[in-house]
Amino acid sequence: MRKPPPPELRRVPKSSRRDEAFRKTIRQIPKGKVATYAQVAAAAGYPLYHRQVAQLLRTAPTGSLPWQRVVGAGGAIKLKYEAALEQRTRLEMEGVRFRGKRIDMAEHQHRFKGWEFD
DNA sequence: ATCCTGACCCAAG
DNA sequence: GCTTGGGCCAGGA
6 MRKPPPPELR RVPKSSRRDE AFRKTIRQIP KGKVATYAQV AAAAGYPLYH
56 RQVAQLLRTA PTGSLPWQRV VGAGGAIKLK YEAALEQRTR LEMEGVRFRG
106 KRIDMAEHQH RFKGWEFD
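For the first sequence, our numbering assigns the number 6 to the initial residue and increments by one for each residue that follows.
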């Protein structure tokens, strides 16, 4: 029969598939472009899971993802306080322009390959 | 199992 | 423009 797996490898969270799809999708966003939480979720094959995209970004190891390129609908920064400023600064450093408080999406929206709706 | 919370979204008003 | 309520989903207490 099957041996009990060692503690480290045992019971991978079953959300790991989804999270992996999210990570892969997020890494596709090039410098100077952005995508919304909902767009990332949908492009990864999980429409309606935008909140989980945020959850992932929250818990992701720093440096593992270009987190600054994921924004709220309409190009809004959803972080608060200083974190919001950091995201804005990082994006501006990549050449992203803002119109008031929101990102100019007409210019910086990333289109995922094979996505049916712009 | 229930309750609460969150880097969400959107239609209304 | 901005605020609100309801809808959505998973993780932690």
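Each residue gets a CB set at the ideal place from its N, CA and C atoms; glycine is no exception.
In the DSSP assignment, the alpha helix (DSSP H) including residue i goes from what residue to what residue?
i     : result
THR67 : Taken as a continuous stretch (DSSP letters only), THR67 belongs to no alpha helix (DSSP H), as it is neither H nor E.
TYR42 : 42 to 48
SER21 : 21 to 32
Check the C-beta distance from residue i over to residue j and give it rounded, since I have them as a contact under 8 Å.
i      : j     : result
LEU61  : ASP24 : 5 Å
HIS115 : PRO52 : Contact flag wrong, Cβ pair sits at about 17 Å.
ARG22  : LEU70 : Not quite, the Cβ-Cβ distance comes to about 17 Å (not below 8 Å), so this is no contact.
Considering only their Cβ atoms, is the gap separating residue j from residue i smaller than 7 Å?
i      : j      : result
ALA43  : HIS55  : yes
GLN73  : GLN92  : yes
ALA49  : THR67  : no
ALA81  : ARG107 : yes
LYS124 : GLY77  : The shown model of the chain, from 6 to 123, leaves out residue 124, and the question about it has no answer.
Handout entry: Inter-stretch contact (C-beta, 8 Å, three-pair minimum) for the stretch 34 to 50 and the stretch 87 to 107
Key = Output reads yes: the stretch 87 to 107 touches the stretch 34 to 50.
Handout entry: Inside the stretch 76 to 117 only - alpha helix (DSSP H) runs reaching at least 4 residues
Key = Runs of the alpha helix (DSSP H) spanning 4 or more residues and lying entirely within the stretch 76 to 117 occur at 86 to 98 and 110 to 113, in chain order.
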